[in-house]
Amino acid sequence: MGRTETSWTALLKVIATMIRQSTTNVMEVKRTFLSNLTILCTNNKENMRTVLQMSVWQDLLYSMVYLYPQTQHHHKVTEMVMTLFRMVLHHAIKFEYGGWRVWIDILAILHSKVAYEDFKLCMAKMFKQYDRQRVDNMQTWTRETSDQECPTQR
Numbered sequence: 001m002g003r004t005e006t007s008w009t010a011l012l013k014v015i016a017t018m019i020r021q022s023t024t025n026v027m028e029v030k031r032t033f034l035s036n037l038t039i040l041c042t043n044n045k046e047n048m049r050t051v052l053q054m055s056v057w058q059d060l061l062y063s064m065v066y067l068y069p070q071t072q073h074h075h076k077v078t079e080m081v082m083t084l085f086r087m088v089l090h091h092a093i094k095f096e097y098g099g100w101r102v103w104i105d106i107l108a109i110l111h112s113k114v115a116y117e118d119f120k121l122c123m124a125k126m127f128k129q130y131d132r133q134r135v136d137n138m139q140t141w142t143r144e145t146s147d148q149e150c151p152t153q154r
């Protein structure tokens, strides 16, 4: 059992990392991965315990979440991840010693991810506004200077 468990968690980490680092549209792969992980953890305390014992398992799941889903596919993937979190939290609080700490960890990580995403969106909005203002000022300055005579042309 120990050898199978080790290879299962290693495989899970590799797949999740590959999905996270992929730049192409991998929506179907994400949904299949999350669906299979849900099946593995449904009513199976050992698999649930294995997920809890993985290092940075929360980050592996959060990396697949779309905090502000733009499409129906993004919404579905986010919903699947939150379902997995709900299952793992229920198991941790009900069956694991110190399971309440899992709840605290997940809330802290979620808060930091949402705050960082909000910060990035705010900064992108501010940069667009700054860039637009800079272009407007540049056009105004160009019009003003083109109307004036250059001192060397006198």
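Number 77 in UniProt numbering belongs to position 77 of the sequence shown; there are no gaps in the numbering.
In this text, a Cβ means the ideal position worked out from N, Cα and C, and glycines have one as well.
Same chain, Cβ closer than 8 Å to D59, five either side skipped, listed in chain order
Around D59: I109.
Element boundaries [alpha helix (DSSP H), containing Y68]:
Segment: none, Y68 is in no alpha helix (DSSP H) and carries neither H nor E.
Just reading off the alpha helix (DSSP H) that S22 is part of, what are its end residues?
No alpha helix (DSSP H) holds S22; DSSP gives it neither H nor E.
Determine the contact status of V77 and R31, defining contact as a CB-CB distance below 8 Å.
Taking the C-beta atoms as reference points, R31 is found nearer than 8 Å to V77.
Give the secondary structure of Y54 by DSSP, where H, G and I count as helix, E and B as strand, and everything else as coil.
The residue you asked about is not Tyr; residue 54 is Met in the sequence shown. Here M54 sits in coil by DSSP.
Using three-state DSSP, classify N44 as helix, strand or coil.
In the structure shown, N44 sits in coil (DSSP, three-state: anything other than H, G, I, E or B).
As a quick exercise: from S7, K13, R49, pick the residue whose alpha carbon is nearest that of K94.
Closest by C-alpha distance to K94, out of S7, K13, R49, is R49.
Compare the C-alpha of H91 against each of L67, E46, H73 and name the closest.
Across the set L67, E46, H73, the C-alpha of E46 shows the shortest separation from the C-alpha of H91.
Which of helix, strand or coil does DSSP assign to Y116?
Note: Y116 maps to helix in three-state DSSP.
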